[in-house]
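Worksheet: the structure to be examined is printed underneath.
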Amino acid sequence: MGSRILTMKRQAAELGRIRTGYSRPNPNPDKGPIPVKSKTFVLTSHSRDYVAAAAELYGGRAEQWTPQRSSVAQWRVITEAAELQAILPAGDVLNQSYEMWGGGGCERRCDGVTESLGRRPCVCLAKYGEDWHERKADQVCRPTSRIGVFLPDLPDLGVWRLETKSYYAADALAGGLDTVLQATGGGGLLPVRMWIEQRTAVRAGKTKQFQVVMLVPALPRLRHALSGPISTAAALDPSSLDRPAIEATSTVVPDYVAEAKKCGTADEVLGVYQRARAAGHATAELRNTLQAVAADIEKGVDTATGEVDQDDEHGPDGDGVYDAEFVDDQGDDEPPTAYPSAGWPEVAAPGGGGR
Numbered sequence: 012m013g014s015r016i017l018t019m020k021r022q023a024a025e026l027g028r029i030r031t032g033y034s035r036p037n038p039n040p041d042k043g044p045i046p047v048k049s050k051t052f053v054l055t056s057h058s059r060d061y062v063a064a065a066a067e068l069y070g071g072r073a074e075q076w077t078p079q080r081s082s083v084a085q086w087r088v089i090t091e092a093a094e095l096q097a098i099l100p101a102g103d104v105l106n107q108s109y110e111m112w113g114g115g116g117c118e119r120r121c122d123g124v125t126e127s128l129g130r131r132p133c134v135c136l137a138k139y140g141e142d143w144h145e146r147k148a149d150q151v152c153r154p155t156s157r158i159g160v161f162l163p164d165l166p167d168l169g170v171w172r173l174e175t176k177s178y179y180a181a182d183a184l185a186g187g188l189d190t191v192l193q194a195t196g197g198g199g200l201l202p203v204r205m206w207i208e209q210r211t212a213v214r215a216g217k218t219k220q221f222q223v224v225m226l227v228p229a230l231p232r233l234r235h236a237l238s239g240p241i242s243t244a245a246a247l248d249p250s251s252l253d254r255p256a257i258e259a260t261s262t263v264v265p266d267y268v269a270e271a272k273k274c275g276t277a278d279e280v281l282g283v284y285q286r287a288r289a290a291g292h293a294t295a296e297l298r299n300t301l302q303a304v305a306a307d308i309e310k311g312v313d314t315a316t317g318e319v320d321q322d323d324e325h326g327p328d329g330d331g332v333y334d335a336e337f338v339d340d341q342g343d344d345e346p347p348t349a350y351p352s353a354g355w356p357e358v359a360a361p362g363g364g365g366r
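First residue of the sequence shown? That's 12 in the working numbering, and the numbers climb one at a time after it.
Okay, here's the thing in structure tokens:
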């Protein structure tokens, strides 16, 4: 068996990014591109094949594109799909921090208490107080949320990284995901639905418009998301979680009567009934039918034709004449027993009951 470096993260390859906005050229050549909030997700990747597959699946047009502060061209598609169906990998896949980026890369990364790059207390809190997050984005760190998901209908094994810098989206993502993780322990894959929701809020008398990335479990019932990890097959096809009861009723039941009629002794017929009972297929009607088959076999009746066996000592001769007639020794007051009942347990009750 192979070995691993214990201090290294083991994560799937990143195939591309899922974004909530894009940029368009600025009519003023002296100014940079104009950022645009998108109503649908934007998928970007270094691979044209991935983006072309996404355009075919989600709508939109694959186009070449160069990110800001980068000289390397990539590909992107502004999708037309209202939502994306995705799968969360096992474990806690949400990574959040307050970050400030500059020309040289990430300058500050903070959890709201400690700035980890400079190993110092939160700079924004110390400088602007508790309401620092209401300041302009170029003055303070921005809440950055990253989460890697599988897009199962796109090629290859790897994650697409969703990244948003919305303060409200950060809170919504963490709250929803933590609820699911508390129930599942992050022990398996989880199918999810994702979409971009446009919202408004009033702050200091002003109406503010913002986006929230909604990410919710894509399961038939809430209980499925809260009852522990699900199988990989269920993650790929969540509707299968509601199928077992339907499939159980359509299970093919063996033809126990046909099997019984092939038996040579009553004990063998009893064995057929016991197998049916153990499988949960026994009914009162089946029990009575198999008892009748067993009784016929004891009387020498051919269960295939209903005729009495010619070799039976009580059977008729070749001309259909009996040597002697049967005498009922049970008395006139007692009806004849139709078939033996000793050794035949009652039909099992639901859950394995019965005698």
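Yeah, the Cβ is synthetic: ideal placement off N, Cα and C, and Gly gets one too.
Since we're looking at a predicted model, the values are computed, not measured.
Task: Rounded straight-line distance, which links the Cα of residue 358 to that of residue 104 - done: On the sequence shown, residue 104 is found 93 positions in, with the first residue counted as 1. On the sequence shown, residue 358 is found 347 positions in, with the first residue counted as 1. Going by the C-alpha atoms only, they are around 52 Å apart.
Open item on the list: Between 91, 84 and 203, which has its C-alpha nearest residue 248's C-alpha?
Closed with: Counted from its first residue, the sequence shown places residue 248 at position 237. Nearest C-alpha to residue 248: 203.
Open item on the list: Can you tell me whether residue 243 is helix, strand or coil according to DSSP?
Closed with: Numbered from 1 along the sequence shown, position 232 holds the residue referred to as residue 243. Residue 243 falls in the helix class under three-state DSSP.
TODO: Count the other CB atoms, across all protein chains shown, that sit within 10 Å of the CB of residue 3; report buried if there are 16 or more and exposed otherwise.
DONE: This structure cannot settle anything about residue 3, because the visible part of the chain is limited to 12 through 366.
Task: Supposed close pair residue 294, residue 268 - CB separation, criterion 8 Å - done: On the sequence shown, position 283 is the one that residue 294 refers to. On the sequence shown, position 257 is the one that residue 268 refers to. Between residue 268 and residue 294 the Cβ distance is about 12 Å, and since that is not below 8 Å, they are no contact.
Task: Pairwise C-alpha distance: residue 25 and residue 108 - done: As a working mapping, residue 108 is identified with position 97 in the sequence shown. As a working mapping, residue 25 is identified with position 14 in the sequence shown. Their Cα atoms are separated by approximately 20 Å.
Task: Closest Cα partner of residue 98 within the set 83, 172 and 151 - done: For the purposes of this step, residue 98 is identified with residue 87 of the sequence shown, where counting begins at 1. Residue 172 is the option with its Cα nearest to residue 98.
Task: Selected residue, minimal CA-CA separation from residue 77, among 265, 56 and 284 - done: The residue you call residue 77 lines up with position 66 of the sequence shown. Of 265, 56 and 284, the residue nearest in Cα terms is 56.
Open item on the list: Is there a Cβ of chain C sitting closer than 8 Å to that of residue 167, yes or no?
Closed with: No chain C appears in the structure shown, which is made up of a single protein chain.
Open item on the list: Please report the distance separating the alpha-carbon of residue 188 from that of residue 292.
Closed with: Taking the first residue of the sequence shown as 1, we reach residue 188 at position 177. Taking the first residue of the sequence shown as 1, we reach residue 292 at position 281. If I take the Cα positions, the gap works out to 44 Å.
Open item on the list: I need the straight-line Cα distance from residue 196 to residue 53, nearest angstrom please.
Closed with: Sequence index remark: in the sequence shown, residue 196 carries index 185 (1-based). Sequence index remark: in the sequence shown, residue 53 carries index 42 (1-based). So the alpha carbons of these two residues sit roughly 30 Å apart.
- [ ] Over the uninterrupted alpha helix (DSSP H) stretch that includes residue 294, give me the two end residues.
- [x] Numbered from its first residue, the sequence shown carries residue 294 at position 283. Here residue 294 belongs to no alpha helix (DSSP H), and DSSP marks it neither H nor E.
Open item on the list: In the DSSP output, which residue or residues are listed as bridge partners for residue 159?
Closed with: Locating residue 159 in the sequence shown gives position 148, where the first residue counts as 1. Residue 159 pairs with 172.
Task: Minimum C-alpha distance to residue 220 - residue among 211, 176 and 227 - done: In the sequence shown, the residue the question calls residue 220 occupies position 209. The candidate whose alpha carbon is nearest that of residue 220 is 211.
Open item on the list: If the criterion is Cβ atoms closer than 8 Å, does the pair residue 312 and residue 280 meet it?
Closed with: On the sequence shown, residue 312 is found 301 positions in, with the first residue counted as 1. On the sequence shown, residue 280 is found 269 positions in, with the first residue counted as 1. It is not a contact, given that the beta carbons lie outside the stated cut-off.
TODO: Give me the Cα-Cα distance between residue 271 and residue 310, rounded to the nearest whole angstrom.
DONE: By one-based count along the sequence shown, residue 271 stands at place 260. By one-based count along the sequence shown, residue 310 stands at place 299. One C-alpha to the other measures close to 15 Å.
TODO: Figure out for me which residue from 74, 315 and 178 has the closest Cα to the Cα of residue 274.
DONE: Here residue 274 corresponds to residue number 263 of the sequence shown, with the count starting at 1. Answer by Cα proximity: 315.
Task: Buried or exposed (CB count within 10 angstroms, at least 16 for buried), residue 229 - done: Against the sequence shown, residue 229 aligns to sequence position 218. That one is buried.
TODO: Return helix, strand or coil for residue 331, following the three-state DSSP convention.
DONE: Residue numbering aside, residue 331 sits at position 320 when the sequence shown is read from its first letter. Because the pLDDT at residue 331 is just 45, under 50, the model does not fix this residue reliably, and the value given afterwards should be weighed accordingly. Three-state result, residue 331: coil.
Open item on the list: I believe residue 49 touches residue 86 by the beta-carbon criterion, under 8 Å. Please report the beta-carbon distance rounded to the nearest angstrom.
Closed with: As a first step, residue 49 is located in the sequence shown; it is residue number 38 there, counting from the start. As a first step, residue 86 is located in the sequence shown; it is residue number 75 there, counting from the start. About 16 Å; that fails the 8 Å criterion.
TODO: From the DSSP output, read off the bridge partner residues of residue 109.
DONE: As a first step, residue 109 is located in the sequence shown; it is residue number 98 there, counting from the start. Answer is 121 and 154.
Open item on the list: So for residue 26, helix, strand or coil by DSSP?
Closed with: Taking the first residue of the sequence shown as position 1, residue 26 is located at position 15. Strand, per DSSP.
- [ ] Could you name the residues of the same chain whose beta carbon sits closer than 7 Å to that of residue 235, not counting the 5 residues immediately before and after it, in chain order?
- [x] Counting from one through the sequence shown, the residue named residue 235 turns up at place 224. Counting only Cβ-Cβ distances below 7 Å, and skipping sequence neighbours, we find 241 and 252.
Open item on the list: Let me make sure I understand the geometry here. Which of 100, 206 and 120 has the alpha-carbon closest to that of residue 192?
Closed with: Your numbering for residue 192 matches position 181 in the sequence shown. Looking at the Cα atoms, 100 is the closest of the given residues.
- [ ] Kindly indicate which residue of 169, 213 and 307 has the alpha-carbon position closest to the one of residue 276.
- [x] Residue mapping note: residue 276 aligns to position 265 of the sequence shown, counting from 1. With distances taken between Cα atoms, residue 276 lies closest to 307.
Task: Close-in-space but distant-in-sequence residues of the same chain around residue 37 (CB under 8 Å, 5 per side omitted) - done: Numbered from 1 along the sequence shown, position 26 holds the residue referred to as residue 37. Answer for residue 37: 43, 44 and 45, listed in chain order.
TODO: Kindly list the residues whose CB is nearer than 8 Å to the CB of residue 214, restricted to its own chain and excluding five residues on each side of it in sequence; keep chain order.
DONE: Walking along the sequence shown from the start, residue 214 turns up at place 203. So the qualifying residues of the chain are 145.
Open item on the list: If contacts are defined as beta-carbon pairs under 8 Å, then residue 134 and residue 126 qualify, I think. What distance do you get, rounded to the angstrom?
Closed with: Counting from 1 along the sequence shown, the entry for residue 134 is found at position 123. Counting from 1 along the sequence shown, the entry for residue 126 is found at position 115. Residue 134 to residue 126, Cβ: 6 Å. Contact.
- [ ] For residue 218, write down the residues that DSSP places opposite it in a beta bridge.
- [x] Counted from its first residue, the sequence shown places residue 218 at position 207. Residue 218 pairs with 213.
- [ ] Can you tell me which of 63, 110, 356 and 223 puts its alpha carbon nearest to the alpha carbon of residue 152?
- [x] Here residue 152 corresponds to residue number 141 of the sequence shown, with the count starting at 1. Among 63, 110, 356 and 223, the Cα nearest to that of residue 152 is on 110.
Open item on the list: Taking its Cβ as the centre, do 16 or more other Cβ atoms sit within 10 Å of residue 82, making it buried, or is it exposed?
Closed with: Counting from one through the sequence shown, the residue named residue 82 turns up at place 71. When all chains shown are included, residue 82 counts as exposed.
TODO: Please name the residue in 96, 265, 41 and 91 whose C-alpha comes closest to that of residue 164.
DONE: Here residue 164 refers to the residue found at position 153 of the sequence shown. Considering only alpha carbons, the answer is 96.
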